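Take any residue in the sequence shown, note its place counting from 1, add 37, and you have its number in this note's numbering.
Worksheet for the structure shown next.
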Amino acid sequence: MSKILIVCRDTQINKDLTDLLTGVGYEIYSFSDDKNAINQAEKICPDIAIIDTSSPEINTSNICKTLKLKNTTNDTQIILLTSSESSSEEILVGADGYITKPFNENILIATVNAHLRIKKLLDILYTNNSELAKSLYQLNVLYSTSSQLAGTLDKTKLIDIMNTGLEKSLNFSLSLALIINEPEDASLIINSKYPISEKLEEAIKLRALVGYKNLFDNNKLPFDLSIKNIKLQKNFKENDGLVDLNCLVWDRLFAPISTSDQFFGTVEIIRENDFTGEDSTCFQTVVKQVSLPLESALFYEEIKKTNIKLEKLERLKSEFISIVSHELRTPITSIKNSLDMILSGRMGEISPVQDNFLTLAKRNVERLSGIINDLLDLSKIEAGKMEYRFESCNIIDPIKFVVSTCENMAQKKNISINFEFNKPEYKVYGDPGKIEQILANLISNALKFTEDNGKVTIGIEEINSQLLDQEFITLYTDDKTVLEGDYIQISVKDNGIGIKKEDAPKVFDKFQQIESSLSRTVGGTGLGLPIAKQLVEKHGGKIWFESEFGKGATFSFIIPVMKVATCEIKS
38 MSKILIVCRD TQINKDLTDL LTGVGYEIYS FSDDKNAINQ AEKICPDIAI
88 IDTSSPEINT SNICKTLKLK NTTNDTQIIL LTSSESSSEE ILVGADGYIT
138 KPFNENILIA TVNAHLRIKK LLDILYTNNS ELAKSLYQLN VLYSTSSQLA
188 GTLDKTKLID IMNTGLEKSL NFSLSLALII NEPEDASLII NSKYPISEKL
238 EEAIKLRALV GYKNLFDNNK LPFDLSIKNI KLQKNFKEND GLVDLNCLVW
288 DRLFAPISTS DQFFGTVEII RENDFTGEDS TCFQTVVKQV SLPLESALFY
338 EEIKKTNIKL EKLERLKSEF ISIVSHELRT PITSIKNSLD MILSGRMGEI
388 SPVQDNFLTL AKRNVERLSG IINDLLDLSK IEAGKMEYRF ESCNIIDPIK
438 FVVSTCENMA QKKNISINFE FNKPEYKVYG DPGKIEQILA NLISNALKFT
488 EDNGKVTIGI EEINSQLLDQ EFITLYTDDK TVLEGDYIQI SVKDNGIGIK
538 KEDAPKVFDK FQQIESSLSR TVGGTGLGLP IAKQLVEKHG GKIWFESEFG
588 KGATFSFIIP VMKVATCEIK S
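Here is the structure:
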């Protein structure tokens with residue numbers, strides 16, 4: 038009769054498992070604590086161990102490792118009973134399988150049966166050919182180790198997984214992993230069943246250093262390492278013994294740890310029993326397995342460092358823009374006020390020629406002031422310091438206000454501005470000033486890039502999210518949230534130069550100006566559309582455009598319809 042060990046503190050689950058498995062003919066041994074379970078497991082020699090991982094009092098990792106290292110239980114199939122919220126690492130602590138709670142009785146029985154079949158097959162293999170069984174076990178460890186190595190980008194965890202794989206597959210007495218990040222940052226990780234003597238500790242440090250230097254013969258060393266720079270990390274399983282210098286005459290396997298272009302360290306394992314050729318192959322395979330994920334980990338580390346530098350540069354850039362903009366705003370305001378006073382005639386009569394030059398200077402000061410305001414707005418948005426004053430408003434009001442401020446530009450180019458809407462009121466919950474800023478950027482762009490005698494049309498409509506081409510809209514935003522509910526859509530359409538397909542991806546990028554003779558003529562910072570995009574998204578909306586080069590462009594954005602009862606944004 039097959040024996041099943043159950044380790045679970047939940048009495049109900051214990052009872053359910055016992056009744057279920059007893060009913061199908063298994064001999065059940067149930068325990069509520071790990072220490073008692075481990076002690077009894079050596080006497081029972083169970084075929085299957087089912088361990089409930091949900092209780093913090095039960096050290097799942099310790100049970101798994103202990104069962105796998107004991108001669109009487111190392112072939113016990115371990116099944117973890119875990120919750121669906123458990124982290125993936127929980128099932129990688131030496132177990133052979135897992136079942137999630139709440140468990141299906143048929144699946145649990147099938148899983149137990151499957152693992153019993155695996156164990157029986159392993160028993161047959163051990164009986165008929167112990168070396169073949171050992172090779173299969175090592176292959177299983179190699180597969181498990183490979184899976185675990187692929188699951189992390191942490192260098193320390195990678196070395197721990199490698200050491201665990203070597204321990205499980207080769208059962209060493211002592212392992213020495215020399216890990217070198219920098220000459221001043223070198224660690225010798227010692228894994229041993231028992232503590233090591235002081236003499237052995239010093240001998241091991243020297244041995245690791247000599248082994249490292251011998252790898253390169255007379256060639257230049259990757260790191261100029263000295264024994265003083267090597268820090269020890271010691272891990273011992275038990276404390277009732279001592280490993281001394283005599284272990285240095287035992288059999289050993291040694292290999293470098295390196296990536297395709299970077300040396301990382303060395304690893305050596307020592308065992309009283311001689312290693313076989315298969316053991317050496319397994320050892321080399323495990324060490325090589327760590328190389329690729331280690332390379333990825335080092336690359337990931339470089340990316341993180343680079344990102345930190347980029348974030349710092351971005352902060353410095355934002356601070357610089359903010360400081361410079363503030364410093365420029367004061368003298369520009371003073372210059373503008375002075376020009377206004379001179380042009381008003383209050384400072385004395387001016388000639389027509391002077392008037393022309395002063396008017397030109399005033400226009401350029403106003404243009405410069407607009408650029409500074411754009412820089413400041415962008416700086417505030419990126420720093421999360423832009424202030425918003427949301428309130429109920431009819432979106433037609435800010436549209437009419439912006440159009441009135443742009444009339445002079447439209448008249449100079451003889452461009453007609455037309456409206457298309459069906460009702461006198463379209464209520465949204467937003468910041469009227471920011472909505473005006475969005476519209477000012479879109480309408481002024483339309484006027485700039487439309488040639489004389491052209492036409493600009495502003496359309497307003499209420500539209501449901503189901504009628505929007507959401508897949509198309511997401512091309513212009515990093516936010517892939519699915520739109521729901523009703524929105525007010527505002528479109529600014531012109532019959533100007535349009536936008537080339539190859540230029541479309543950078544339209545909403547900062548400091549981008551689409552290259553053309555007209556764009557160079559009208560100038561600008563390339564900040565208007567990025568600012569408009571940020572402001573629209575702060576209102577819970579989206580912005581996009583459609584264009585055919587040479588035939589104009591239509592820029593559209595949506596803002597959620599205001600909820601009458603709560604005055605909140607639909608999003």
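For each residue, glycine too, the CB sits at the ideal point set by N, CA and C.
Here the structure is a predicted model, which means the values were calculated and not measured.
Whole angstroms are fine: how far does the CA of residue j sit from the CA of residue i?
i	j	result
Pro389	Leu484	29 Å
Ser593	Ser481	14 Å
Thr442	Ala477	9 Å
Ser263	Leu190	28 Å
Cys319	Ser212	15 Å
Ile65	Lys40	6 Å
Gly202	Asp516	42 Å
Gln326	Arg352	40 Å
Cys430	Thr511	27 Å
Asn2	Asp468	Because the chain here runs from 38 to 608, residue 2 falls outside it and cannot be looked at.
Ala187	Leu176	16 Å
Glu552	Met384	Bear in mind that a pLDDT of 45 at Glu552, under 50, signals an unreliable position, so the number given afterwards is only what the model happens to contain. Each residue's Cα considered, the two are about 43 Å apart.
Ser125	Lys156	For Ser125, the predicted structure reports a pLDDT of 49, less than 50, and the residue's modelled location is therefore unreliable. The matter cannot be settled from this model.
Thr59	Glu339	55 Å
Ile144	Ser206	30 Å
Asp56	Leu153	18 Å
Phe260	Gly278	36 Å
Are the CB atoms of residue i and residue j nearer to each other than 8 Å?
i	j	result
Ile227	Asn255	no
Ile432	Ile525	yes
Leu397	Leu380	no
Leu54	Asp112	no
Tyr180	Leu215	no
Asp89	Leu118	yes
Gln321	Ala292	yes
Ile146	Val61	yes
Ala223	Lys268	yes
Asp71	Ile115	no
Phe301	Ile198	no
Phe427	Tyr466	yes
Val324	Ile294	yes
Asp489	Asn451	yes
Leu290	Phe312	yes
Phe456	Ile418	no
Leu564	Lys471	no
Ile595	Lys575	no
Thr296	Leu331	yes
Glu305	Ser210	no
Cutting at 6 Å between CB atoms, please list the residues of its own chain near residue i, excluding the five before and the five after it.
i	result
Ile500	Tyr524, Gln526
Lys102	Gly131
Tyr63	Ser39, Ile41
Leu479	Val529, Phe592
Please classify residue i as buried or exposed, where buried requires at least 16 other C-beta atoms within 10 Å of its C-beta.
i	result
Gly587	exposed
Asp316	buried
Glu204	buried
Tyr425	exposed
Gln49	exposed
Gly491	buried
Lys274	exposed
Gly421	exposed
Val519	exposed
Phe336	exposed
Ser584	buried
Asp377	exposed
Lys341	exposed
Asp133	buried
Looking only at its own chain, which residues have a Cβ that is under 8 Å from the Cβ of residue i, when we skip the five neighbours before and after it?
i	result
Asn687	This structure gives no information on residue 687, because the portion of the chain shown stretches from 38 to 608.
Lys282	Note that residue 282 is Leu in the sequence shown here, rather than Lys. Excluding sequence neighbours, Leu282 sits near Ser234, Lys236, Leu237, Ala240.
Ile387	Ile379, Leu380, Leu395
Phe140	Leu118
Using a Cβ-Cβ cutoff of less than 7 Å, which residues in the same chain neighbour residue i once the five nearest sequence positions on both sides are dropped?
i	result
Phe545	Tyr513, Leu566, Pro567, Lys570
Thr473	Strictly speaking, residue 473 in this sequence is Glu, with Thr absent from that position. Answer for Glu473: Pro435, Phe438, Val439, listed in chain order.
Ser120	Ser91, Thr137, Lys138
Ile161	none
Leu505	Leu520
Ile475	Ala569, Leu572, Val573, Phe594
- request: Could you tell me which uninterrupted alpha helix (DSSP H) segments, each at least 4 residues in length, are contained entirely in the segment 206-256, listed from first to last along the chain?
  value: 235-251
Contiguous beta strand (DSSP E) assignments of at least 3 residues, all confined to the segment 141-208: none
task: Please go through the segment 38-64 and give each complete alpha helix (DSSP H) segment of 4 or more residues, from N-terminal end onward.
output: 48-60
task: Report the residue ranges of all beta strand (DSSP E) runs contained in full by the segment 452-488; include only those spanning at least 3 residues, in chain order.
output: 453-457, 464-467
- prompt: In chain order, which alpha helix (DSSP H) runs of at least 4 residues are fully inside the segment 293-358?
  reply: For the segment 293-358, whole alpha helix (DSSP H) runs of length 4 or above, ordered along the chain, are 314-326.
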